[in-house]
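Written out below as structure tokens is the structure these notes cover.
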Amino acid sequence: MTHALHYGTGVFEGIRGNWNADQGAINIFRMREHYERLIDGCRILMLDIPYSVEDLCNITVDLVERNRHVSDIYIRPLAYKSEELVANLKLQELSSDFTLITVPFGNYLGSDRLRCCTSSWRRVDDPMIPARIKACGIYINSILAKTEATIAGFDEAILLNHDGHVSEGSGENIFMVKKGIIYTPPLEDNVLGGITRDTIMQLAGAELGMEVQARTIDRSELYLADEVFLSGTAAHLTPVIELDCRPIADGQPGPITSQLQRMYFDIVVGNNPKYLHWCTQVRQP
Ligand code: PMP
């Protein structure tokens, strides 16, 4: 009878904990920011959960300790409408609940060189369902696109938005490098404000001294890009080597993508002292 099962009325997060054998610890990456985004989603969907961001972080550390993981893990919080009632579409009348699971997790995309296609499905538009939150029901949009792409033999789908501009992958943000500048679609183009996206934007500027611009991107610009890559908690940072059967540049992962990828991996496992503030270290027994 749970409302969210029938109507998709929930919001969730995908957080990674990265096992570091030398430290004997799991590094939970940018946990706070994930929970801030969850709370944003709760506000939009009128999900009333009795926890602050602080509380949610503490509960998560506690669960990761109790589950005694010694591998990379995926942390999945879910706030949802729990009312057991059919045919009520009024969020303000429905009770909410919260659940949290942690599971061992490895590679998500199954390839480190992605062949992608432009999806025939369009990304949801803000006045339909806001793409800026991780609402459960929205993932029908991503799932239709991912299914179409993989049945056709591609690794991932790139969705265009309502206006025909590039938005994102089914579960990743997208970046393009052209003439030494890094571009990614702005949030107004119906993309999730990815935490990996933000991490990459910060690193590209601070560590590589590169210009990073959030601006609208045309599909054909991706065909002509020097480099394209996807970013996400599950996907990490993964090069796209082909789009719609056209190789991106010479069809090999580009140098800036590879440099950012190395830096990112080092940081998420807690090996870069400068960015340890992004990692919550949970020592395992
Ligand atoms: N876009 C969509 C649609 C996603 O599901 C995800 C995964 N959360 C992302 C982008 C990447 O966001 P993040 O880097 O915060 O995982």
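Its first residue numbered 845, the sequence shown is counted upward by one per residue in our numbering. All C-beta atoms, glycine included, are put in the ideal place defined by N, C-alpha and C.
Residue from D969, S915, C961 and I893 whose Cα sits closest to the Cα of S939: The residue labelled residue 939 in the question sits at position 95 within the sequence shown. It is I893 whose Cα lies nearest to the Cα of S939.
Would you check whether the ligand PMP has a heavy atom nearer than 7 Å to the C-beta of S986? The residue labelled residue 986 in the question sits at position 142 within the sequence shown. Yes, the ligand PMP has a heavy atom inside 7 Å of this Cβ.
Please report how far the alpha carbon of G861 lies from the alpha carbon of T853, in whole angstroms. Counted from its first residue, the sequence shown places residue 861 at position 17. Counted from its first residue, the sequence shown places residue 853 at position 9. The alpha-carbon atoms of G861 and T853 are separated by roughly 26 Å.
Measuring only from the beta carbon, is R1063 closer than 7 Å to any heavy atom that is part of the ligand PMP? The residue labelled residue 1063 in the question sits at position 219 within the sequence shown. Not under cutoff, so the answer is no.
Spatially closest choice to I859 from R881, D969 and Y918, by CA coordinates: Position 15 of the sequence shown, counting from 1, holds the residue named residue 859. Closest by alpha carbon: Y918.
Is it buried or exposed, C961, if we count other Cβ atoms within 10 angstroms and call 16 or more buried? For the purposes of this step, residue 961 is taken as residue 117 along the sequence shown, with counting starting at 1. Classification for C961: buried.
Which of helix, strand or coil DSSP assigns to Y1119: The residue labelled residue 1119 in the question sits at position 275 within the sequence shown. Y1119: helix per DSSP, three-state reduction.
Exposed or buried, which one is Q936 when buried takes at least 16 other CB atoms within 10 Å? In the sequence shown, residue 936 corresponds to position 92, counting from 1. Exposed, since its Cβ has fewer than 16 Cβ neighbours within 10 Å.
How about D916 and G954: do their beta carbons lie closer than 8 Å? For this step, residue 916 is matched to residue 72 along the sequence shown. For this step, residue 954 is matched to residue 110 along the sequence shown. No, the pair does not count as a contact, with Cβ atoms beyond the cut-off.
Given a threshold of 16 other Cβ atoms within 10 Å of its Cβ, counted over all protein chains shown, does T1082 qualify as buried or as exposed? Residue 1082 sits at position 238 when you count from the first residue of the sequence shown. Buried: at least 16 other Cβ atoms inside 10 Å.
First and last residue of the uninterrupted alpha helix (DSSP H) at T1040: The count along the sequence shown starts at 1 and reaches residue 1040 at position 196. Residues I1039 to A1050.
Considering T1101, what are the terminal residues of the alpha helix (DSSP H) in which it resides? Numbered from its first residue, the sequence shown carries residue 1101 at position 257. Segment P1099 to V1112, the alpha helix (DSSP H) holding T1101.
Count the CB pairs spanning the segment 1024 to 1043 and the segment 874 to 883 that are closer than 8 Å, and state whether there are at least three. yes
Give me the Cα-Cα distance between E1086 and A1069, rounded to the nearest whole angstrom. If you number the sequence shown from 1, residue 1086 lands on position 242. If you number the sequence shown from 1, residue 1069 lands on position 225. Spanning the two alpha carbons is a distance of roughly 11 Å.
Does the distance from the C-beta atom of I973 to that of V855 stay below 8 Å? Here residue 973 corresponds to residue number 129 of the sequence shown, with the count starting at 1. Here residue 855 corresponds to residue number 11 of the sequence shown, with the count starting at 1. No, Cβ-Cβ distance for I973 and V855 is not below 8 Å.
Residue from A996, T994 and R967 whose Cα sits closest to the Cα of I982: Translated into the one-based positions of the sequence shown, residue 982 becomes position 138. That would be R967, whose Cα lies nearest to the Cα of I982.
In the DSSP output, which residue or residues are listed as bridge partners for W863? In the sequence shown, counting from the first residue as 1, residue 863 sits at position 19. Per DSSP, I870.
Roughly how many angstroms separate the alpha carbons of S1075 and R1041, rounded to a whole number? Along the sequence shown, one-based indexing puts residue 1075 at 231. Along the sequence shown, one-based indexing puts residue 1041 at 197. Rounded to whole angstroms, S1075 to R1041 spans 6 Å at the Cα level.
Hey, could you find the ends of the beta strand (DSSP E) A923 is sitting in? Walking along the sequence shown from the start, residue 923 turns up at place 79. Here the beta strand (DSSP E) through A923 covers I917 to K925.
From the DSSP output, in three-state form, read off C1089 for me. Position 245 of the sequence shown, counting from 1, holds the residue named residue 1089. Coil.
If you pair each beta-carbon of the segment 984 to 1001 with each one of the segment 1020 to 1036, do three or more pairs fall below 8 Å? no
Just to confirm my understanding: we take E796, look at its own chain, exclude 5 residues before and 5 after, and list those with CB closer than 6 Å. What are they? In the structure displayed, the chain extends from 845 to 1129; residue 796 sits before or after that span and is not available.
Counting only the same chain and skipping the five closest in sequence on each side, list residues whose C-beta sits under 6 Å from that of V1112. Locating residue 1112 in the sequence shown gives position 268, where the first residue counts as 1. Only N862 and F873 meet the Cβ criterion.
Can you grab the Cα-Cα spacing for the pair C980 / Q1125, in whole Å? Locating residue 980 in the sequence shown gives position 136, where the first residue counts as 1. Locating residue 1125 in the sequence shown gives position 281, where the first residue counts as 1. Rounded to whole angstroms, C980 to Q1125 spans 29 Å at the Cα level.
Please name the residue or residues paired with N1017 in a DSSP beta bridge. Position 173 of the sequence shown, counted from the start, is the residue given in the question as residue 1017. In the DSSP output, where bridge partners are listed per residue, N1017 has S1075.
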